[in-house]
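Following the working numbering, the numbering of the sequence shown begins with 6 at its first residue and continues without gaps.
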Amino acid sequence: MFVLASLLSPVSFLVAAEIEPTRQLLISGKYDECIEVTAKAIDDRVFGEEWYSFKAEAEMQTGRYKDAFETISGGLTRYAWSIRLRQGGIEPARMSGNVDQGTQWQEEMADIVNRAAWRYNGDPDSLVSLGKVAAATGADARQVLEIFFDRALKVSPGHRGSILASGELALSKKDFAVAAETFQEGLKSHPNDPDVHFGMARAIESSQPPLASHHLSETLRLNPNHVPAILHRAAQAIDAERYSDATSLLEDALKINPANPLIWAYRAVLAHLNNEPEKEAEYRERALTPWPENPVVDYQIGRKLSQKYRFAEGSEHQRTALKFDPGYQPARVQLAQDLLRLGDEEEGWKLSELALKHDAYDVQVFNLMQLRDELSKFTTLEADGFRVRMEATEAAIYGHDVLQLLKRARDTLCPKYGIELQSVITVEIFPDPNDFAVRTFGLPGADGFLGVCFGKVITANSPASQKDTPVNWQSVLWHEFCHVVTLEKTRNRMPRWLSEGISVYEERQAGATWGQRMSPKHRKRILDRGVSSVRDMSGTFMRPDTPEDLQFAYYQSSLLVEFLIEKYGLDSMRNILGDLGAGIPIEVSIERHTSSLDQIDHEFHDYALEMARRLAPELDWEQYDLSAIRDDDDPERLERWVEDHPTSIQGLTMLADQMVMKREFDKAKKSLTKLIELYPEQTGLDSAYILLAAIHRELEETGEERQVLEQYVAHTDDAKSALLRLIDLQTAASDWAAAAASVRKLLEVNPLLPQAQRARAMTSEQLGIVEDAIQGLRAVLLMDPEDPAEAHFRLARLLNGQGDAEAKLHVLAALEEAPRYREAQKLLLKIVRTHPAEASPPDSVTEPPSNTAPEANPVPTDATKMP
C-alpha cells in the first residue's frame, strides 16, 4: 500500500516529468549530460529504475563498459526485482569482463520467461526486456513478437521500445518487408526519433536506396553521435571502396566510443584490404579487448571480407566466431553462404540445414533450403573442368552449347591473362529469377542482374526468365567467366570497377555485337558530365539512383580498361592483376605500370570525350524546341525545318514519324535512310532500322526489308523479333547459309524459342550439318511441337542415315501420332528390312492406337494396306 501510495503521489508525477527530458538527452546523443543528470538523481535517491538504465546506456555508448556494469549492479541492489535492469546489464557484463554475471542475469530472465512471464503483462518495458532475452536464447521469433512485443504495444500503443525491438528482430531475420512496415508505423508516433529512422534506413536500403539515405541522414541530424549510424556509413564507404572516407568516419566514431568493437573490426578489414597484416591483427585484438570471445567481431570482419569476394578469408573468420559461440546464428548462416560460394556444397548445405533447425523464422535460410530442393531436380553436366547445373529440359536443349561456350571462353581468356585454372568451375543457370536471387544474394528480388561470379561458382538467369526483354546469354556467360579468370588471377583481390570493366571489355573483344558500346545516352552523359576518376570508379556501382546509372558504371569502367590497354598495353594490365594478387593496392599498382592517377584521370577524360564525339559525328545531336512545329496545323512546316537542319536526329525522327502517320511512306523512307546513313550503329526498338523495315513490309518490298534487317542485326546482339522475321525472309529465298547465320544469332538470344530450334533443324538439314540438325529436332520435341509426327520423322530419317538404332523409336513415335504418315511408313519398312531381327509384327504398324493424335500428311484410305 505504501508503494502504491508513493506511485500515486505528486512526487511520482514529478519524477516522470524529470525522466522524459533525460530520455531525450540519451536519444539525441548528449551522453555526457545524460550521465551527469542520472548520476545526480541516483545520488539523491530519486525513485525509478530508469535512472540506472539511462545512465548505463549512455556509458555503453561512450565505451565506459565497466562503469555501465557497476551502474546496473548498483541499480539491482535497490531494485532487485527489475527485469529491465537485468536485461540491460547483460551486454555491459560481457564487455567489462563479467561474462558469468551476465550469463546469470540472462538465465534468471529466461527462467522468468518460462515460469511467470504473465506477471509482467501490464509493464511494456519489462515485456520488451523479456522478449529480447527470449529471442537471444532461441525462442521462436513469431512467438516472441506475439507474446512480448505485440502485447507491449497493446498495453502502451506506440511504445518506443516495442517498436524498436520488433523492427530489430525482423531485421535480424532478413525480413525487410516486416521491418520496414514496423519502423514506418513507428515514425507516426516517433517522427523525430533517430533510432526509428536508423531502423527504417536499414530496412529499405536495398529496395529504396535514396529514401534509405534520407533516413540515415535524419538519424545523424537528430543524433550526431549515433555510432551505429556512423558505422553504417563507414560500411557503405568500404563497400564503395572509398577507404579514406571509411577511415575518416571510423575516426569520428572513435571520438565518441574509443572501445567500440565494431570500429576496430572495420579498421581490421581496411588493414586486410590494404595488405597490412600486422595492423589487421592489432586492430582485431583491440576489438576483442573488452570481451575476448565476442563472436560479433570475427563475424563482422568475415562478413565484410566476403562482400569483397574474399570468401576463403571470410569463412575462416566465421569459423573463429563459431568457436567463441557455437550457437551464434549469424556466423553460421554467413559461413554456409561462404562455403556454397566457394563450391564446398556438402558442408554448406549441412550448415544451412542446421541453421534452419535453430531458427525457422530466418527468411534467408528458409529460402536457401527451398532452393536446395529445387536444385535437386536440376540436371548436372560435366566436361572439361566445368560442372553445369540446369533445369532438366533446358539442359537437354542447350546444355551442350553452354559447355562449348565455356570451353571456348577458357581457351581464349586463360592464356590471354596468363592463368591456368586448377579447380572445377560450377555454373548454375536458373529459369526462375527468384531462385537465382536466393542462390546469389540469399533473398528473392534481384532485378537487373543477369549473372554473378563468386570465383569458382557462377550463377545466371536463363533465357526463360527474361520474357520480353531477352539478353544474349552467351555474352552474359562470357562476361561471368572472365570474372573467374580475373578473380583467380588476383586471388579475389580486385576493385569492383576493374573486375566489371575487364569483363565488359572482353565481351566486346569476343563478339562483334556483344557488350556495352557507346550509346546516345552514354554520349550525352560523357559530354555533359564527363567520367568518374579512378578513385571514385567503384563507388558508381553502389546504390545507383537509376538503372541507367548502373549501366553507365559498367560502360565507363570498361572504357577505362580499354583506354589503359590501348595506351599501355595488355602486359601492363596483366602486371596490375598480378600485383593485386600479391596484395598491392590498386592505386599503387596502376602508378607502377602506367602513370600517376591524376595523369590517368586527365587522359581518360579526354579519351572518353573523343569516343563520345566519334559516335555519328556528322549527326546533329542538338535537342531543339520543336513544340510549336509539332502542334502546327501546317504539315509542311516540319519538312521545311528539316530542309534547314538536314542532319538533325530530332527533326529526321519527328518527320519520319509524321510521314508514317500520314502513310506517306516514300518521304518516311527518305528520312529513315538518312538517319541510318548518319548513324549506322543505332539499335533498339525505336531505331530507324526497325521503322524502315516495317515500312518495307507494309509495302511488300521483301528484298529491301531483308536488306534493312540484315544491316540492323549486324549491330545488335539481342534482336529477337528482327531475327525471327529475317529468318523467315531468308528461308523463303532458300538462302540457307544466311538463314543459318541468323539462326545462330537467335540461339544466342533465346535457345528456348521453338521457332529458333525449328529453323536450326531446317537450315542445318539443308546445309548437310547433320549433328546440328539432330540437336535442333531433339530440342523441338521437348517443346510440345504443333506437329510432333513430322519432327519425329525428320529426326528418325537423320538418325537412320547415321546408322543409329534410335531411328526406329522415333519413326514409331511419328506413326503413333499419325498412323497414315506414308513417308514414315516407308522409313519404318526400310529400317525393318535393314535390321530384320528387330522387326515388329506388321499389324502393329497399321493399327492406330486408341488415342491417335491428329494425322499429319494423310493419304487415301486405299493406300493404307501394307505389303
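Even glycine gets a Cβ: it sits at the ideal position worked out from N, Cα and C. Being a predicted model, the structure only gives us computed values, none of them experimental.
Rounded to whole angstroms, the separation of the alpha carbons of I589 and N580 is 11 Å.
Using a 10 angstroms sphere on the CB of S563, the tally of other CB atoms reaches 16 or more, which defines it as buried. Distance from the CA of S87 to the CA of L31, rounded to the nearest whole angstrom, comes to 20 Å. Residue range 775-786 is occupied by the alpha helix (DSSP H) that includes G781, with no beta strand (DSSP E) assigned at that position.
DSSP, read as helix, strand or coil, puts R392 in strand.
In the DSSP annotation of this structure, the continuous segment of the beta strand (DSSP E) that includes I463 starts and ends at 462-466.
Sorting R91, G506, M523 by C-alpha distance to the C-alpha of T108 places R91 at the top. The region 432-448 makes contact with the region 457-464; the number of CB pairs closer than 8 Å reaches 3 or more. Assigned with DSSP and collapsed to three states, T652 falls in coil, not helix or strand. Y510 counts as buried, since no fewer than 16 other beta carbons sit within 10 angstroms of its beta carbon.
With distances taken between CA atoms, H701 lies nearest to R730 out of F203, T688, R730, L683. Taking a C-beta distance under 8 Å as the contact criterion, H202 and E223 qualify as a contact pair. By the 16-neighbour rule on beta-carbons within 10 angstroms, P300 is buried. By the Cβ neighbour-count rule, G390 is exposed, with fewer than 16 other Cβ atoms within 10 Å of its own.
Per DSSP, the continuous alpha helix (DSSP H) segment holding T398 begins and ends at 397-422. An exposed status is given to H840, since fewer than 16 other beta-carbon atoms sit within 10 Å of its beta-carbon. Assigned with DSSP and collapsed to three states, F435 falls in strand. If you draw a 10 Å sphere on the C-beta of Y629, you find fewer than 16 other C-beta atoms in it, and that means exposed.
A direct Cα-Cα distance of roughly 21 Å separates I268 from R324. Ranked by Cα distance from N439, the first of C458, L380, Q189, L492 is L380. For L575 and A170, the gap between their C-alpha atoms comes out near 55 Å. Cβ neighbours of S161 within its own chain (closer than 6 Å, five residues either side excluded): P129. For G204, the enclosing alpha helix (DSSP H) covers residues 199-208.
If only complete runs of 4 or more residues are kept, the region 552-636 shows the alpha helix (DSSP H) at 552-573, 575-586, 591-598, 602-619, 632-635, in order along the chain. Counted as a single uninterrupted DSSP element, the beta strand (DSSP E) harbouring G456 occupies residues 456-458.
Pairing P449 with N372 gives a Cβ-Cβ distance under 8 Å. Per the Cβ contact rule, the region 646-655 is in contact with the region 668-686 (3 or more Cβ pairs under 8 Å).
Taking Y125 as reference, the option from A819, F316, A157, S357 with the minimal CA-CA separation is A157.
Within the same chain, and ignoring the five residues on either side of A175 in sequence, the residues whose Cβ sits closer than 7 Å to its Cβ are V183, A184, T187. Bounds of the alpha helix (DSSP H) holding M374 are 368-380. Between the C-alpha atoms of H598 and Y573 there is a straight-line separation of about 8 Å. Cβ neighbours of T76 within its own chain (closer than 7 Å, five residues either side excluded): Y57, K60, A61, E64.
Excluding the 5 residues flanking it on each side, I779 has same chain C-beta neighbours closer than 6 Å at L803, in chain order. Around the beta carbon of T82, fewer than 16 other beta carbons sit within 10 angstroms, so the residue counts as exposed. Here the region 109-120 does not lie against the region 314-323, with fewer than 3 beta-carbon pairs under 8 Å apart. Taking the Cα positions, Q339 is about 14 Å away from F459.
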